[in-house]
Amino acid sequence: MRKSVGNQQSMIVQPCFLIGTYNADDTPNFAPITWVSITWCNDHYQLIISMNGTKQTKINAEANRKLSANLVSTDMLELMEYFGSRSGSTAPKTEVPYTFSPGLALAVPTLDVSKYVYECEVTQITVTGDTSTYFCKIVDVQCDASIDISEGIDLRNFDPVVYSGHYHAIGNHLGKIGDYYTPN
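In short: position in the sequence shown from 1, add 1321, done, that's our numbering.
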């Protein structure tokens, strides 16, 4: 038996990413975003990234039409919260130390500490109220060289932060598609 708990989003489990863009003066800007998903469009994957409010990252993504999505691991929580507590439109975010590199395929900043990074071109923007949703063609994916993904991705190796009203870490590996049901 279930009970009503009202209208809330707490069971929508979302990976945490730091979205990287360049400001007009070529300084890097990163913003924490958890409204990130993926879809297939014609012959390529696309990230779908929704951003609410008046973030500098939205201004940059719309002006440059490029961004990086840097997966946040548990060792990056302080950096993620720092980026989220400062506006990129008022001053560079430099109070907490971090290093970044230019993307390998696109002119986007990528966080050196991130174990999995998407480099994307914004192909479409849909605006609903104060939220802009960016459909982004994945141009390149970078993975930490020490992590073997030849047999598929084991999230435990990336130690990602997921969000559902609170931060969580990934626990057990349960298997792959087809491990639990075999038709007769």
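Virtual Cβ for every residue (Gly too), placed ideally from N, Cα, C.
Residue i (DSSP reduced to helix, strand or coil)
i	result
lysine 1387	strand
alanine 1428	coil
alanine 1490	strand
glutamine 1335	strand
leucine 1495	coil
Assigned exposure category for residue i - 16 Cβ within 10 Å defines buried
i	result
arginine 1477	exposed
isoleucine 1468	exposed
leucine 1432	buried
arginine 1407	buried
isoleucine 1474	exposed
threonine 1452	exposed
glutamate 1383	exposed
cysteine 1457	buried
alanine 1490	exposed
serine 1325	exposed
leucine 1339	buried
Enclosing alpha helix (DSSP H) for residue i [first to last residue]
i	result
methionine 1401	1398 to 1406
First and last residue of the uninterrupted beta strand (DSSP E) at residue i
i	result
proline 1353	1349 to 1354
lysine 1458	1452 to 1464
serine 1422	1421 to 1423
glycine 1341	1338 to 1343
threonine 1449	1437 to 1449
serine 1371	1365 to 1373
tyrosine 1502	Looking at the DSSP string, tyrosine 1502 is not in any beta strand (DSSP E), and its letter there is neither H nor E.
threonine 1360	1357 to 1362
valine 1483	1482 to 1484
Anticipated Cβ contact below 8 Å, residue i with residue j, distance rounded
i	j	result
glutamine 1335	threonine 1348	That pair is no contact at about 27 Å.
leucine 1368	isoleucine 1380	With 8 Å as the limit, leucine 1368 and isoleucine 1380 do not qualify as a contact, their Cβ atoms being about 19 Å apart.
leucine 1392	proline 1481	6 Å
lysine 1387	alanine 1428	6 Å
glutamate 1442	valine 1460	6 Å
threonine 1342	threonine 1375	About 14 Å; that fails the 8 Å criterion.
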